[in-house]
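Written out below as structure tokens is the structure these notes cover.
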Amino acid sequence: MTDRSGWLPLPAPGATPVRTLTVAGSDSGGGAGIEADLRTFTLLGVHGCVALTAVTVQNSLGVTGVQEVDPDVVAAQIDTVVGDIGVSGVKTGMLASAPIVAAVADAFARNGIGAGGDIGLVIDPVCASMHGDPLLHPEALRTLIERLFPMATLVTPNLDEVRLITGIEVDDDDSQRAAVRALLDLGPRWALVKGGHLRGSERSPDLLSDGRQFLRLDAPRIPTAHDHGAGDTLAAAAAAALAHGLAVPDAAALAKDWITRCVAAAYPLGAGHGPVNPLWRLRPPNPAPAPA
Ligand code: PLP
Numbered sequence: 078m079t080d081r082s083g084w085l086p087l088p089a090p091g092a093t094p095v096r097t098l099t100v101a102g103s104d105s106g107g108g109a110g111i112e113a114d115l116r117t118f119t120l121l122g123v124h125g126c127v128a129l130t131a132v133t134v135q136n137s138l139g140v141t142g143v144q145e146v147d148p149d150v151v152a153a154q155i156d157t158v159v160g161d162i163g164v165s166g167v168k169t170g171m172l173a174s175a176p177i178v179a180a181v182a183d184a185f186a187r188n189g190i191g192a193g194g195d196i197g198l199v200i201d202p203v204c205a206s207m208h209g210d211p212l213l214h215p216e217a218l219r220t221l222i223e224r225l226f227p228m229a230t231l232v233t234p235n236l237d238e239v240r241l242i243t244g245i246e247v248d249d250d251d252s253q254r255a256a257v258r259a260l261l262d263l264g265p266r267w268a269l270v271k272g273g274h275l276r277g278s279e280r281s282p283d284l285l286s287d288g289r290q291f292l293r294l295d296a297p298r299i300p301t302a303h304d305h306g307a308g309d310t311l312a313a314a315a316a317a318a319l320a321h322g323l324a325v326p327d328a329a330a331l332a333k334d335w336i337t338r339c340v341a342a343a344y345p346l347g348a349g350h351g352p353v354n355p356l357w358r359l360r361p362p363n364p365a366p367a368p369a
């Protein structure tokens with residue numbers, strides 16, 4: 078299903094593209110959240126729809142305010158988009174509160190999203206920003222695990238989230254494997270435990286498993302201060318690939334390749350952390366065709 082460059086096939090002009098949905102918060106600095114998701118969806122050639130969960134007041138230095146969206150409005154966005162436009166891949170990011178998590182889980186169940194159905198669901202269990210600013214009320218994590226993990230095609234926690242969810246500190250191959258198993262015990266079909274933060278490693282060896290297969294997704298570790306939005310970008314790429322019908326191992330491999338290139342192209346922004354950069358794909362040999 079991938080094109081000759083290894084990426085997802087781009088839609089022909091005028092043809093309705095494959096559609097995806099992100100259920101996530103907005104980052105006013107444009108580096109993470111729905112802004113990052115929509116960039117990756119667009120640059121991978123899928124049409125991205127949005128169910129906004131929260132507005133964050135945020136720049137490169139951190140989050141200074143959060144306004145949550147009414148849970149009924151979050152659910153209504155999902156119902157409205159899926160009922161008309163239709164999607165074949167979904168991802169969740171910042172969900173903010175337990176009532177929003179519950180409303181999202183109910184809406185997913187109503188719309189046949191995840192839980193082994195045709196619409197792939199990537200759960201990125203976002204708890205905090207890279208600066209440590211909370212993006213999920215602590216008591217909502219239990220709801221997220223109980224309601225959304227059993228519906229997930231794939232979960233993609235970072236290592237801080239792995240520790241919060243499983244109690245396991247991942248710092249070597251054995252603990253990474255134990256963490257994958259502990260995550261799978263919570264109900265997702267597949268779990269991906271990132272290796273990007275493994276101490277002392279020059280590689281970034283992620284581990285993907287469904288409990289039977291244990292697959293290594295390896296890439297060079299790219300030292301950078303500018304990796305804001307990395308988790309969102311990886312999960313969005315995986316959702317786009319699932320939306321195209323790729324099997325989870327192929328979708329995760331594509332997402333790993335995508336995020337590695339986006340980190341390599343990351344740029345400074347403001348006085349703090351800059352974002353990963355999917356715009357590298359706009360360079361030749363993929364110029365936009367000019368209208369005659
Ligand atoms: N802000 C929003 C709205 C997000 O959804 C996320 C991550 O999902 C972040 C910030 C955090 O991104 P990072 O961990 O790169 O700081």
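Following our numbering, the numbering of the sequence shown begins with 78 at its first residue and continues without gaps. Ideal Cβ placement from N, Cα and C applies to all residues, glycine included.
Bridge partners of His124 according to DSSP: Arg96.
Taking non-hydrogen atoms of ligand 1 into account, the C-beta of Leu311 is found less than 7 Å away from none of them. Minimum Cα-Cα distance from Tyr344 among the listed residues Ala320, Val146, Ile299 corresponds to Ile299. Under the 10 Å beta carbon count, Pro234 is surrounded by 16 or more other beta carbons and is classified as buried. About 18 Å separates the Cβ atoms of Gly351 and Ser103, ruling out a contact at the 8 Å cut-off. Take the alpha-carbon of Pro86 and the one of Ala113: they are about 20 Å apart. DSSP places Phe226 in no alpha helix (DSSP H); its state is neither H nor E. By the Cβ neighbour-count rule, Pro215 is exposed, with fewer than 16 other Cβ atoms within 10 Å of its own. Short of 6 Å from the beta carbon of Trp267, and not among the five residues preceding or following it, lie these beta carbons of its own chain, in chain order: Leu231, Asp287, Val325. Distances from the CA of Pro176 to each of Gly197, Leu269, Pro148, Asp248 were compared; the closest alpha carbon is that of Pro148.
Counting along the chain, Ile245 sits inside no alpha helix (DSSP H), nor does DSSP assign it H or E at all. Cβ-Cβ separation between Val164 and Leu120: approximately 18 Å, too far for a contact (criterion under 8 Å). When secondary structure is reduced to three states using DSSP, Ala131 falls in the strand class. For Gln290, there is no enclosing alpha helix (DSSP H), as DSSP marks it with neither H nor E. Annotated as distal: Pro94 and Val127, with beta-carbon spacing of 8 Å or more.
The C-alpha of Asp183 lies about 38 Å from the C-alpha of Ala341. Judged by DSSP in its simplified three-state form, Ile299 adopts coil rather than helix or strand. Using a cutoff of 7 Å, the CB of Asp237 does not count as near ligand 1, since none of the ligand's heavy atoms is closer than that. Cβ-Cβ distances below 6 Å link Ala192 to Met228 in the same chain, with the five nearest sequence neighbours on each side left out; the list follows chain order. According to the DSSP secondary-structure assignment, Thr169 is paired through a beta bridge with Val100, Ile200.
The beta carbon of Val199 sits no closer than 7 Å to any heavy atom of ligand 1. Counted as a single uninterrupted DSSP element, the beta strand (DSSP E) harbouring Gly139 occupies residues 139 to 145.
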